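Worksheet: the structure to be examined is printed underneath.
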Amino acid sequence: MDVRSQIAMVFHLDKCIGCHTCSIACKNIWTDRKGAEYMWWNNVETKPGTGYPNKWEDQSVYKGGWTKSDNELRLKGMDRKSTMANIFHNPHMPVMDDYYEPWTYDYANLFEAPAGDDQPTARPISLVTGEPIDIKTGPNWDDDLGGSPDYARQDVNMHDLTPAEKEAMFQLERMTMFYLPRICNHCLNAACVAACPSGAIYKRGEDGIVLINQNKCRSWRMCVSACPYKKSYYNWNNGKSEKCLLCYPRLETGQAPACMHTCVGRIRYLGVLLYDADRIKEIASCNEKDLVAKQMEIYLDPFDEQVRQAARKNGVAESTLESARKSPVWKFVKEWGIALLLHPEYRTLPNLFYVPPLLPAIADTSTGSYETTCASLWGGIESSRVPMQYMANLFTAGDTEKIREVLKKLMAVRIHRRGVTVGDLHEDECKQAFAETGLTADVADAIFRLTSLPKFGERFVIPAAHREEATELLENTADIKGNTGFGTLNTPQRI
Amino acid sequence: MSDIFLLIALPYTALIVMLVGSVYVYGTQAYKVTSLSTQFLESRDLFFGGLFMHWGIVALFFGHLIAFLFPASVIAWNGNPVRLIILEAAALIFGISFFVGVVILIFRRLRNKRLHRATTDMDIAVFVVLLTQAVTGIWIALTYRWGSAWFASVLTPYIRSLFLMNPVLAAVSAMPLIIKIHISTAFLLIGMIPFSRFMHFLVFPVKYFWRPFQVVMWNRDRKLMRNSTAMTPEVKSRNN
Ligand code: HEM
Ligand code: SF4
Ligand code: SF4
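Chains as they are written, first to last, in numbering that gives the first Met the number 0: chain W, 0 to 494; chain X, 0 to 239.
Here it is as structure tokens:
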């Protein structure tokens with residue numbers, strides 16, 4: 000048992016209001032630079048939709064992540080030899096048009112245009128070429144199902160849906176959607192790390208954050224194609240790949256990452272999970288049908304004294320172990336089992352969990368009124384406007400039973416709370432919901448509390464980084480006083 | 000005089016600049032060492048241009064290297080005229096591939112507006128040097144036949160004498176101007192390495208063939224922390 004600590008996250012999709020505040024917070028801090036304008040380390044997609052970059056989930060094109068062939072786990076795109084053979088030109092790399100060409104507006108014209116018959120306009124100007132452009136697409140072009148024939152209908156997750164199910168998803172009366180905010184998953188079996196020929200990408204042992212060493216990145220850009228989530232981006236100006244760094248300078252000083260701190264819907268939770276690094280390979284290469292269950296197995300119980308002993312022996316700080324016990328992520332993921340992974344079939348063992356949304360049920364209009372009350376206990380799930388298969392393709396590698404199980408738990412919490420607050424439900428109904436999901440009133444209340452009423456400190460349980468001690472081991476802190484802070488030693492410049 | 004400049008002063012300057020410069024740049028400004036890929040801005044033409052150019056130049060580089068290191072074997076191989084023709088034809092094909100690649104890459108940069116933004120003065124210098132090298136190389140191959148044969152008797156001694164710090168120009172100064180240009184542009188290219196994207200082939204990632212897939216970095220040496228009481232006597236460090 001090789002116990003390590005990982006900063007993991009839960010996004011509660013029922014709470015996301017799709018406001019994109021998270022994306023803007025991230026953009027303002029990290030990617031408002033030349034060459035990075037098009038990057039959204041945090042982005043929020045509308046599902047169904049094609050996402051960003053366009054159709055990123057279509058691994059038959061982008062070849063991201065891992066596959067299992069001949070009982071071997073290999074990178075889906077290129078193994079070591081073909082990486083070298085394709086080093087001059089990466090056949091699977093998305094180009095700027097797969098994202099969008101970033102632009103600004105010619106605001107000056109509004110002030111400086113000579114007097115005339117027409118209102119002056121601010122024309123869009125490309126941030127790459129500096130010339131006027133016709134905007135064809137942009138980030139969130141398909142926000143809230145905009146242009147759904149071109150986007151939502153092209154959603155990659157509709158395989159295995161019956162034609163009737165597919166059609167029904169786009170009937171005007173039934174159409175629905177939800178938001179899917181995404182950042183880098185800081186995976187345990189990261190494909191970006193594995194694909195980097197220079198070995199510039201690494202996982203930090205202490206907190207599991209995956210970073211790109213900008214001094215070692217040589218612009219071979221294999222991480223961009225290897226990451227199945229397309230969360231490694233290429234900066235066309237500096238010739239360096241960049242990715243979400245989980246705001247590690249903020250985490251190290253006890254602050255939540257900017258996207259999470261600003262989240263308006265308060266959907267985001269962050270905390271420590273302990274995991275067994277010895278099992279990464281075994282679990283990443285297990286059979287497809289066991290993937291979902293197995294990935295949950297890698298996380299270790301912080302209340303288990305044996306685990307804690309092993310962790311201490313590995314140098315995990317006592318303060319980190321304490322954070323692990325308080326971790327909201329541990330509760331959602333393991334204690335309550337209501338958080339799932341996005342596309343576990345990519346086998347990167349991601350660390351960003353999602354509580355799936357409870358979607359609106361189909362209304363019954365036969366009575367002449369718009370009736371969404373369900374007769375049966377789980378009617379809200381069974382007649383959800385989004386087919387279970389679609390949700391399963393997103394979150395459970397196609398396993399509809401698993402997604403139903405989680406949704407039922409979420410529904411049971413609602414039934415219970417309805418009973419408590421409104422009191423108009425039959426007690427039997429509540430009992431039956433608990434019996435079928437294995438929840439109890441106490442657990443349901445706890446889920447409700449952490450979902451709806453959490454304080455800042457409950458959403459983000461950030462372990463002390465103890466950088467001060469780490470630095471002391473390496474150098475005399477007095478020597479480097481005044482030398483900390485953000486910046487690059489060399490100005491980013493092309494040669 | 001010009002021979003001394005082109006064939007002695009320039010080569011030595013270039014080699015010293017390359018050696019000192021690339022060690023210096025790698026050591027102090029590693030951030031600048033990248034291949035500055037432009038595939039993100041334009042992919043299709045790069046596929047053709049990049050592949051033709053790179054496979055051409057890589058083959059030619061090793062061809063020249065072998066001719067320099069093992070002149071006797073090359074001459075022995077050429078003993079049979081069929082084999083001589085095969086070798087020469089192969090060299091010419093790689094030369095043309097290199098030339099075509101460079102031309103495609105130049106037109107690609109000219110045509111695509113996005114690429115203008117990613118093109119620096121140094122990039123232009125790089126393409127001028129590469130184009131000169133390709134044109135003179137093919138010219139020599141066509142007008143001064145059987146280079147693989149005379150290379151051994153003329154150029155190998157000259158280059159060897161350079162490395163032995165005792166430059167002998169006797170044979171090489173009798174060569175036509177075009178060959179002298181080819182030689183000096185080659186050294187110019189070498190001298191440009193530390194200042195341009197040419198650094199990228201010095202950092203070819205050979206280690207990828209054997210390094211483990213996952214890379215984990217620790218702030219501290221975990222074993223040391225576990226076992227040592229040196230830094231914090233009695234108390235084991237509490238860091239992660
Ligand atoms: C085997 C070693 C080499 C490797 C792995 C390599 C790799 C690369 C890569 C990845 C690029 C970026 C292509 C892109 O835009 O995406 C590139 C560009 C380039 N390389 Fe190399 N290269 C090698 C050797 C060379 C040599 C020997 C030369 C010439 C002396 C050379 C000249 C160039 C030039 C001029 C470009 C710019 C192409 C353009 O953007 O128009 N390379 N190389
Ligand atoms: S999600 Fe992040 S850690 Fe995982 S493969 Fe992509 S870039 Fe790497
Ligand atoms: S800030 Fe929060 S609620 Fe708003 S889009 Fe981002 S994740 Fe959703």
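Beta carbons: idealized from backbone N, C-alpha and C, even for Gly.
None of these values were measured; they are calculated from a predicted model.
For E344/W, the closest alpha carbon among the candidates S375/W, L290/W and D159/W is that of L290/W. Not one heavy atom of ligand 2 falls within 7 Å of the beta-carbon of P47/W. Judged by DSSP secondary structure, K165/W falls within the alpha helix (DSSP H) whose first and last residues are P162 to M168. Summarising the contact set, residues whose Cβ lies nearer than 7 Å to any heavy atom of ligand 3 are, in chain order, F10/W, K14/W, C15/W, I16/W, G17/W, C18/W, H19/W, T20/W, C21/W, S22/W, V43/W, Y178/W, P180/W, C258/W, T261/W, C262/W, V263/W, G264/W, I266/W and R267/W. By the neighbour-count criterion, in which 16 or more other beta carbons inside 10 Å mark a residue as buried, H19/W falls on the buried side. Unbroken beta strand (DSSP E) stretches of 3 residues or longer found wholly inside the region 83-113 of chain W: 102-104, given in chain order.
DSSP, read as helix, strand or coil, puts P193/X in helix. For the region 145-205 of chain W, the continuous alpha helix (DSSP H) assignments of 4+ residues that do not extend past its boundaries occur at 162-168 and 190-194, in sequence order.
Note that the region 47-56 of chain X touches the region 94-101 of chain X; at least 3 beta-carbon pairs, one per stretch, sit closer than 8 Å. Judged by pairs of C-beta atoms under 8 Å, the region 22-38 of chain X touches the region 232-239 of chain W, as three or more such pairs exist. Leaving aside the five residues that flank L86/X on each side, the residues in its chain whose CB is nearer than 6 Å to its CB run, in chain order, S147. Exclusion of the five residues before and after T66/W leaves K75 as the residues of its chain whose Cβ lies within less than 6 Å of its Cβ. Each residue's CA atom was taken as its position, placing T450/W and K229/W some 29 Å apart. With three or more CB-CB distances shorter than 8 Å, the region 216-225 of chain W counts as touching the region 86-103 of chain W. Neighbours of S42/X in chain W, taken as residues at a C-beta separation under 8 Å, are given in chain order as H88, M92 and V94. Taking a Cβ-Cβ cut-off of 9 Å, the neighbours of R113/X in chain W comprise M95, E100, S125, V127, T128 and W235, given in sequence order. Counting only residues of its own chain and dropping the five nearest sequence neighbours on each side, Q58/W has a CB closer than 7 Å to the CB of G64, K75 and P227. Assigned with DSSP and collapsed to three states, V209/W falls in strand. Taken through DSSP and simplified to helix, strand or coil, I124/W comes out as strand.
Those residues of the region 44-56 of chain X placed with their C-beta closer than 7 Å to a C-beta in chain W are L45, F46, G49, L50 and H53, ordered along the chain. The beta carbons of P101/W and E36/W sit about 4 Å from each other, so the pair counts as a contact at 8 Å. Between the region 6-22 of chain X and the region 61-75 of chain X there are fewer than three C-beta pairs closer than 8 Å, too few to call the two in contact. Judged by DSSP secondary structure, Y274/W falls within the beta strand (DSSP E) whose first and last residues are R267 to D275.
For the pair L320/W and N313/W, the Cα-to-Cα distance works out to about 12 Å. Minimum Cα-Cα distance from T142/X among the listed residues P175/X, I7/X and V125/X corresponds to P175/X. Pairing P359/W with L339/W gives a Cβ-Cβ distance that is not under 8 Å.
Pairing I297/W with L348/W gives a Cβ-Cβ distance under 8 Å. Annotation: Cβ neighbours of V192/W in chain X (cutoff 8 Å, chain order): F212, Q213 and V214.
Membership of V2/W in the beta strand (DSSP E) is indicated by the continuous run V2 to H11. The three-state secondary structure of W65/W, taken from DSSP, is strand. Residues of the region 113-132 of chain X whose Cβ lies closer than 9 Å to any Cβ of chain W, in chain order: R113, H115, R116, A117, T118, T119, M121 and D122.
Scanning chain X for C-beta atoms nearer than 7 Å to the C-beta of C216/W yields T33, reported in chain order. Taking M295/W as reference, the option from V306/W, L272/W, A309/W and R307/W with the minimal CA-CA separation is L272/W.
Under the Cβ criterion of 8 Å, F98/X is not counted among the residues facing chain W. Only residues of its own chain outside the window of five on either side were considered, and among them L114 and T118 have a CB closer than 7 Å to the CB of R108/X, listed in chain order.
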